[in-house]
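Number 1795 in my numbering belongs to position 592 of the sequence shown; there are no gaps in the numbering.
Beta carbons are placed, not taken as given, at the ideal position from N, Cα and C, and that holds for glycine.
All values reported here derive from a predicted model rather than from experimental measurement.
One structure below.
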Amino acid sequence: MAASSAIQIPSRLPLLLTHEGVLLPGSTMRTSVDSPRNMQLVRSRLLKGTSLRSTIIGVIPNTSDPSSDCEDLPSLHRIGTAALAVQVVGSNWPKPHYTLLVTGLCRFQILQLLKEKPYPVAEVEQLDRLEQFTNQQKSEEELGELSEQFYKYAVQLVEMLDMSVPAVAKLRRLLDNLPREALPDILTSIIRTSNREKLQILDAVSLEERFKMTIPLLVRQIEGLKLLQKTRKPKQDDDKRVVAIRPNRRINHIPSTTEDEEEEDHDDVVMLEKKIRTSSMSEQALKVCLKEIKRLKKMPQSMPEYALTRNYLELMVELPWNKSTKDRLEIRAARILLDNDHYAMEKLKKRVLEYLAVRQLKNNLKGPILCFVGPPGVGKTSVGRSIAKTLGREFHRIALGGVCDQSDIRGHRRTYVGSMPGRIINGLKTVGVNNPVFLLDEVDKLGKSLQGDPAAALLEVLDPEQNHSFTDHYLNVAFDLSQVLFIATANTTATIPPALLDRMEIIQVPGYTQEEKIEIAHRHLIPKQLEQHGLTPQQIQIPPVTTLDIITRYTREAGVRSLDRKLGAICRAVAVKVAEGQHKEPKPDRAEGGDGEDCKEHITEDAKPESISDAADLALPPEMPILIDFHALKDILGPPMYEMEVSERLSQPGVAIGLAWTPLGGEIMFVEASRMDGEGQLTLTGQLGDVMKESAHLAISWLRSNAKRYQLTNASGSFDLLDNTDIHLHFPAGAVTKDGPSAGVTIVTCLASLFSGRLVCSDVAMTGEITLRGLVLPVGGIKDKVLAAHRAGLKRVIIPQRNEKDLEEIAVNVREDLTFVLASCLDEVLNAAFDGGFAVKPRVERFNSKL
Ligand code: ADP
1204 MAASSAIQIP SRLPLLLTHE GVLLPGSTMR TSVDSPRNMQ LVRSRLLKGT
1254 SLRSTIIGVI PNTSDPSSDC EDLPSLHRIG TAALAVQVVG SNWPKPHYTL
1304 LVTGLCRFQI LQLLKEKPYP VAEVEQLDRL EQFTNQQKSE EELGELSEQF
1354 YKYAVQLVEM LDMSVPAVAK LRRLLDNLPR EALPDILTSI IRTSNREKLQ
1404 ILDAVSLEER FKMTIPLLVR QIEGLKLLQK TRKPKQDDDK RVVAIRPNRR
1454 INHIPSTTED EEEEDHDDVV MLEKKIRTSS MSEQALKVCL KEIKRLKKMP
1504 QSMPEYALTR NYLELMVELP WNKSTKDRLE IRAARILLDN DHYAMEKLKK
1554 RVLEYLAVRQ LKNNLKGPIL CFVGPPGVGK TSVGRSIAKT LGREFHRIAL
1604 GGVCDQSDIR GHRRTYVGSM PGRIINGLKT VGVNNPVFLL DEVDKLGKSL
1654 QGDPAAALLE VLDPEQNHSF TDHYLNVAFD LSQVLFIATA NTTATIPPAL
1704 LDRMEIIQVP GYTQEEKIEI AHRHLIPKQL EQHGLTPQQI QIPPVTTLDI
1754 ITRYTREAGV RSLDRKLGAI CRAVAVKVAE GQHKEPKPDR AEGGDGEDCK
1804 EHITEDAKPE SISDAADLAL PPEMPILIDF HALKDILGPP MYEMEVSERL
1854 SQPGVAIGLA WTPLGGEIMF VEASRMDGEG QLTLTGQLGD VMKESAHLAI
1904 SWLRSNAKRY QLTNASGSFD LLDNTDIHLH FPAGAVTKDG PSAGVTIVTC
1954 LASLFSGRLV CSDVAMTGEI TLRGLVLPVG GIKDKVLAAH RAGLKRVIIP
2004 QRNEKDLEEI AVNVREDLTF VLASCLDEVL NAAFDGGFAV KPRVERFNSK
2054 L
């Protein structure tokens, strides 16, 4: 260091005028330069100068604010510090300025100002660190006692600081190696001192004076630190703000006394290390963590990587490497719990119980991953939650809908800014145990993007052979996922990647019948809603007929989610009534109750709707329980959203009802056809897929080849149906893409109706694939389709003969309400679809579901 040897500065120095901060010899300071004089000095002296001498400048402290002294040179402090400009950094933001890093060399005093512009230059006299000073033996002897005393305080102070900070360790070494006369300046600039005190030290040219002035500053700092240590215990985080005076917590010594141990506890990093050592992480993880903590100790806190490494280590400590809950599995209790939580869904519950039973018998089951597939709102998620409850395990849901980056599953590498672990590891951290039930929700909605395929990442997670060493990119060490019970849910298997599908056992969860929905509403949804709204059965009564009204006229869904929402809306409306009643404040002003939503008063008067207009009654608290009937329903939910429109739409030839399966459950679908003069073209509209288009062509070909047999003619009476005729087939709900072969029979029926001019029966729906020879082939999703027909109030359903077995899955009451026609060829379909039959020789086989 420069201080250890004699220094000779030039006799003429350019002057840098600073208005804040005092640079002392032996210390380094960063100062911002933006006044015109100083900027000029930097530009023409520091940036243009080529010799080492040109980087030596005089720093004059305590000059008044440079912005106010543009023109005249302010009065200058007589003593300054000659300094070496170590670094110059320029920036244009927020305004042009330079940042200078300067190291103080020695004191000087201004003898004479030589020039003022563009920057001041002065003739100077060096005041210390000259040869005559450094060679003096006298200072040691004369100042012996003073310097010894100073040294003792300095050592005491430095030892109170945190030796693990590299700068402190270096300072401790410097105390012994530097000449004593350099120490007062250096220590003054390190400890907490005001600018005024620093200026006094700068002005103290005699060494004796300097020692004398610095000792009280050291003592003050030491006392301050002692006080801080005493008060430190309750507020551990304070030390971040007092970087310069971090008390020493001696981390390298052997913890011998309890006092030392307490001291250790206060240091976060030491605590972290302790946690790492005591945590039960894998050997590999421990090795990585210890290496990282070693790096962390050497890193200054201000480094961005410090926070990164620290977060990483904290996550590693928090992860449940070896922590698990104990399974308490009892099949009988599980059955009761599942039955209590969920009505119906027998097949699903049966399969879940089988799964759990096998788990009970064989603990480390590497069984298949269950995947519940069905429309929304049929209870897939809530069954997952119940499974966790029966096992006594933690439950965590991971929503995969829209995830299109594989780092979402596997995490980002730690080299990225903002890197973080993936959802699996995050989930484990959240639940805090290594054997939770993870519900991978909506696996069918995983996306794909340039950032990789998340489904591929899931493959590893779900494979029991591989997932004992799942490696998240962020952790970069393996984590054992074999104890985690994964359950997946999806609306359809069609969009699940085949490899992923292969890992899972699909359990179909079909939609509910109206009767099932009523039961679910009264057993589960209504009690839950009442509780959520703070209502009791004594305050509100929803009879089953009202529930049926909600189901048929306000919702059209396979599950019960909309139904649940509607019930919530009713409870909210009633809660308002009940709350008003509790206050017993008559509301004479009826103006706002007169229109729309606010007209809830009707609810109270269901039994006698004629009294609704009676203002005096409305002012009274409602009579309990408030009965919800259809009038109340209309007031709360508005006019019914769905009406039975089937018969209306079948009032013209060329319309037939098909049954479609969608991920949201079964649906009825009207197929419409019309013909016009043309050149035999077929137009198809309604967003159809290729398979559906082919079905349409097949249907037309079959009808054309059988036109004579059925007496089908075009508008001009010709059996060539496309002669001078164009046909337009439309599948309404044009915005929804439709595909699949099952509309074949519906298209044939619709076209047969168009060409024969006869109406299709208004209560019949149909589904089935066709062949060119007129055979009807089986299709999927029969249960959902039949339920949709039932929901829509249809009476007869035509299905392929070979789908007969699927009817067994359908609830008895639904089967009783419907008549099924099992068709193996198109003759039979047409005979069933038209009143009085269609074929020349009708041969109708009817199947009654009661059998
Ligand atoms: P999904 O995951 O299939 O979309 P949820 O599990 O979220 O559906 O179910 C929606 C709501 O319906 C939940 O409040 C659930 O409790 C209720 N629910 C669905 N099916 C049943 C059932 N069979 N018995 C009782 N409640 C049910």
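Remark: the C-beta of Lys1552 is outside contact range of the ligand ADP, defined as less than 7 Å to any heavy atom. Distances from the alpha-carbon of Ile1590 to those of Ile1534, Gln2004, Lys1632, Ala1910 put Ile1534 closest.
No heavy atom of the ligand ADP is found nearer than 7 Å to the CB of Gly1771. Rounded to the nearest whole angstrom, the C-alpha separation of Met1484 and Ser1672 is 13 Å. Distances taken from the Cβ of Pro1579 to the heavy atoms of the ligand ADP include one shorter than 7 Å. Under the DSSP assignment, Lys1318 falls in the beta strand (DSSP E) whose first and last residues are 1300-1318.
Out of Leu1227, Ser1257, Thr1234, the CA that lies nearest to the CA of Pro1213 is found in Ser1257.
In the three-state scheme derived from DSSP, where H, G and I count as helix and E and B as strand, Cys1964 is classed as coil. DSSP, reduced to helix, strand and coil, places Ser1652 within a strand of the structure shown. Membership of Met1519 in the alpha helix (DSSP H) is indicated by the continuous run 1507-1521. Per DSSP, Trp1864 lies in no alpha helix (DSSP H) segment; the continuous beta strand (DSSP E) that holds it begins and ends at 1858-1865. Across the structure, Thr2022 and Arg1999 are spaced so that their CA atoms are roughly 5 Å apart. For the pair Gly1427 and Ile1260, the Cα-to-Cα distance works out to about 36 Å. Linking Val1763 to Thr1512 through their CA atoms gives a straight-line distance of about 47 Å.
Inclusion of Ile1723 in the 7 Å shell around the ligand ADP follows from its C-beta lying nearer than that to a non-hydrogen atom of the ligand. In this structure, the C-beta of Arg1513 stays at least 7 Å away from each heavy atom of the ligand ADP.
By the neighbour-count criterion, in which 16 or more other beta carbons inside 10 Å mark a residue as buried, Thr1865 falls on the buried side. For His1993, the enclosing alpha helix (DSSP H) starts and ends at 1985-1994.
Judged by the Cβ position, Lys1986 fails to qualify as a neighbour of the ligand ADP at the 7 Å threshold, every heavy atom of the ligand being at least this far. Residue Leu1751 holds the alpha-carbon nearest to the alpha-carbon of Glu1719 among Pro1746, Ser1685, Leu1751.
Among the bridge pairs identified by DSSP, Glu1328 is matched with Gln1312. Look at the beta carbons and you see the stretch 1508-1522 touching the stretch 1470-1477: at least three pairs across the two are nearer than 8 Å.
For Pro2003, the enclosing beta strand (DSSP E) starts and ends at 1999-2003.
Secondary structure at Thr1253: coil, using DSSP grouped into helix, strand and coil.
Assignment of Glu1412 by DSSP, reduced to helix, strand and coil, places it in the helix class.
Between Thr1593 and Asp1644 the beta-carbon gap is near 19 Å, outside 8 Å, which marks them as no contact. The beta carbons of Lys1769 and Thr1758 sit closer together than 8 Å. In this structure Leu1349 is in contact with Lys1415, their Cβ atoms being roughly 7 Å apart against a cut-off of 8 Å. Fewer than three pairs of CB atoms, one per stretch, sit closer than 8 Å, so the stretch 1665-1681 makes no contact with the stretch 1719-1733. Taken atom to atom, the span from the alpha-carbon of Asn1909 to that of Phe2041 is near 12 Å. For Val1634, the shortest separation between its Cβ and any heavy atom of the ligand ADP does not lie below 7 Å. DSSP places Ile1839 in the helix class (H, G or I) of the three-state scheme.
Counting along the chain, the unbroken alpha helix (DSSP H) around Glu1495 starts and ends at 1486-1501. With a cut-off of 8 Å on Cβ pairs, the stretch 1925-1933 is in contact with the stretch 1862-1878, counting three or more such pairs. Note that the C-beta distance between Leu1308 and Leu1410 is not below 8 Å. Not one heavy atom of the ligand ADP lies closer than 7 Å to the C-beta of Thr1716.
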